[in-house]
Amino acid sequence: MAVPKILLVGATVFILDDLDLLERVARDYDIVVHCADGFHRSSGEALVKGLGQRQMETGKKTYFIRTSGVSGIADRPLSGRYIETCELSDKDSIYAYEQHRETMESYPSRQADVAIVDAGERANVNTYIIMSPLIYGRGNGLFNTRSMQIPSIIRSAREWGYVGYVGNGSGEWDHVHVLDLAALYELLLAKIVSGVEIPSGKAGIFFSAAGRHSWRALANSIATAGVKLGLLRSDEAKEISIEQAAAAWAHGMDDFVEPGFGSRATTRADLAKELGWEPKKTDTDWQETFLDEWES
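Residue numbers (this note's numbering): 1 to 296.
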């Protein structure tokens with residue numbers, strides 16, 4: 001959508017580093033949903049600060065919903081820097097878990113999660129974090145309709161002639177269809193607007209897991225779909241190095257590609273489901289998305 005059309009619907013165009021503008025804009029709203037960049041800590045803090053000022057000026061309660069991802073709670077099995085075998089529930093103290101992990105090694109999205117909760121407490125703003133696994137499927141919004149991980153793997157497969165996975169591919173992640181994820185945002189917003197008391201702050205971190213895969217199984221499914229469409233010659237996925245994966249999938253960032261494409265991060269969306277979230281997509285939708293991604 002062109003910028004003039006964005007302006008016609010009352011949007012403010014900005015960059016995330018324009019913190020003063022973000023703070024001023026947030027002062028005009030009771031609820032802010034931050035979906036732009038889960039790694040950008042200072043933009044979230046500026047928005048929370050603006051919401052806090054609005055609350056002081058109007059006496060109305062304000063709310064901040066942050067978009068994050070499970071790479072912040074993932075292990076580091078390839079480098080051996082951190083090994084994790086447990087499955088986390090969003091009814092556990094995820095804030096305390098992330099805070100502990102930050103004392104061992106800082107990671108941008110995890111650092112931002114902790115900082116936003118702390119900023120909300122200081123400003124008396126209710127904060128909520130939706131921490132998602134791999135997102136798949138086609139969105140139906142006005143802007144970007146695709147996620148990152150599967151399209152990145154497919155783009156490199158077109159170039160290499162095969163599908164790659166990092167390490168031995170045994171690490172497991174969860175996944176969620178983008179429309180099921182959107183339904184969780186809608187549900188959370190509806191609860192807030194209706195005045196329903198829901199966990200926030202340190203207790204308000206929600207998982208959105210709806211299925212599970214290993215990285216090798218994911219790569220094999222992508223390869224099988226590529227062969228079916230005549231776009232690959234072999235359905236055999238291949239192990240690749242962190243360096244090769246980082247160059248292809250993460251702009252050369254080794255420190256992101258391991259937790260983002262080769263780790264274990266298994267979760268249960270118990271708290272989200274207590275709110276009433278019911279993901280509708282099935283394993284059939286999961287398998288069909290690989291054909292759709294190749295054809296896009």
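The beta-carbon is built from N, C-alpha and C at its ideal position, and this holds for glycine as well.
Everything numeric in this text was worked out from a predicted model, so none of it was measured.
Tell me whether residue i is buried or exposed, calling it buried when 16 or more other Cβ atoms sit within 10 Å of its Cβ.
i    : result
V196 : exposed
V299 : Examination of residue 299 is not possible in this model, given that the chain is present from 1 through 296 alone.
E278 : exposed
R66  : buried
L142 : exposed
T62  : buried
Return helix, strand or coil for residue i, following the three-state DSSP convention.
i    : result
L16  : coil
D174 : strand
D198 : Reading off the sequence shown, one finds Ile at residue 198, where the question assumed Asp. I198 falls in the coil class under three-state DSSP.
L134 : strand
M1   : The predicted position of M1 is uncertain, since its pLDDT is 45 and thus under 50; no value can be drawn from it.
F206 : strand
R268 : strand
K238 : strand
L88  : strand
Y107 : coil
Is residue j closer than 8 Å to residue i when the C-beta atoms are compared?
i    : j    : result
V166 : V257 : yes
S43  : L16  : yes
V117 : Y95  : yes
A265 : D254 : no
D332 : F206 : Residue 332 lies beyond the stretch modelled for the chain, which goes from 1 to 296, so this question has no answer here.
G50  : A26  : yes
E98  : G201 : no
S214 : G169 : yes
What does DSSP give as the partner residue(s) for residue i in the beta ladder?
i    : result
H34  : R66
H213 : W173
V166 : I240
I129 : R66, I205
State the Cα-Cα distance for the pair residue i and residue j, rounded to the nearest angstrom.
i    : j    : result
G38  : V32  : 14 Å
L134 : E293 : 14 Å
R54  : E23  : 10 Å
I242 : H177 : 27 Å
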